[in-house]
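Number of protein chains: 2
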Amino acid sequence: MTHIHSHSTPSPACCPASPIRPSPAPQHGMHSLEVWSQSIEPGGATPPHRHDCEEVVVVQAKAPLMMHGTESRFRSGDTVLLPRNDVHQLINTGSGPLRLIAPFSMAPVQVELPDGTPSALPWQ
Amino acid sequence: MTHIHSHSTPSPACCPASPIRPSPAPQHGMHSLEVWSQSIEPGGATPPHRHDCEEVVVVQAKAPLMMHGTESRFRSGDTVLLPRNDVHQLINTGSGPLRLIAPFSMAPVQVELPDGTPSALPWQ
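Have a look at this one:
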């Protein structure tokens, strides 16, 4: 068991519209589960992308969110289930920051663009 | 992609001290990732248990929490990394409800007591 203090895991200097803090999984014996804490600024977005693993997005606040070209209204605790290689893009169409918890069935998480091109993560 | 509305997934009538709402994973194409939304009342606790998969506990509010016989002070966003078959028990030693998000690298999640005895979940 490892207790990770959120304030001791600074967000990498990346992704200005959607900073990500990953759980430091592999160095603590975690090989098939990683969790990201992510915040998307108003108007901010992730690029369209996919992962060769499953993902669940847990929305932390009431907010509108665009996914798959459709805007939906989310409430705190709502989840989005993303099967393996489901291409997705998160767009915060609201007026406040959109906080998300995103677990993945892979560690370390790999990101690919829709055409399969690997997308680098700044902490890898 | 499936959007699960939190208010449409009632908590099963179980576990009075620590109600759990699981993501309905397998019926939506999720086979290696399940996420529980859990709340532990003050003084409430889970039994000591383990899973044959990895788990991350994401604490949603500032609270004291007893794990592995040691009380730690958690802040919102802190995480606990639990490798496969790590026996654990969560005890809310605080004065308010303790809300947790708990992803697992298994779907559906199975629970075992420390000696390996399967423990039934009310929705299985």
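Residue numbers (our numbering), protein chains in the order written: chain A, 1 to 124; chain B, 125 to 248.
Ideal Cβ placement from N, Cα and C applies to all residues, glycine included.
- Among the residues facing chain B, A/L33 is included, as its CB has a counterpart in that chain under 8 angstroms away.
- Every beta strand (DSSP E) stretch that sits fully inside the region 66 to 99 of chain A and reaches 3 residues is listed by chain position as 70 to 74, 79 to 82.
- Pairing B/G193 with A/V58, the inter-Cα distance amounts to about 30 angstroms.
- Among the bridge pairs identified by DSSP, B/P232 is matched with none.
- For A/H51, no Cβ of chain B is located within less than 8 angstroms of the residue's own Cβ.
- Listed along chain B, the residues sitting closer than 8 angstroms to A/M30 by beta-carbon distance are E178, V180, L205, P207.
- For B/T217, no chain A residue has a Cβ inside 9 angstroms of its Cβ, as the nearest lies near 15 angstroms away.
- Against A/I4, the close residues of chain B are D202, T203, V204, L205, in the order they occur along the chain (beta-carbon pairs closer than 8 angstroms).
- For A/I101, the nearest CB of chain B lies under 8 angstroms from its own CB, placing it at the interface with that chain.
- B/E178 and B/P207 do touch by the CB rule: their CB atoms are close to 6 angstroms apart, below 8 angstroms.
- The beta carbon of B/S229 sits closer than 8 angstroms to some beta carbon of chain A.
- Considering only B/V235, B/P171, B/Q184, the residue with the shortest C-alpha distance to B/M191 is B/P171.
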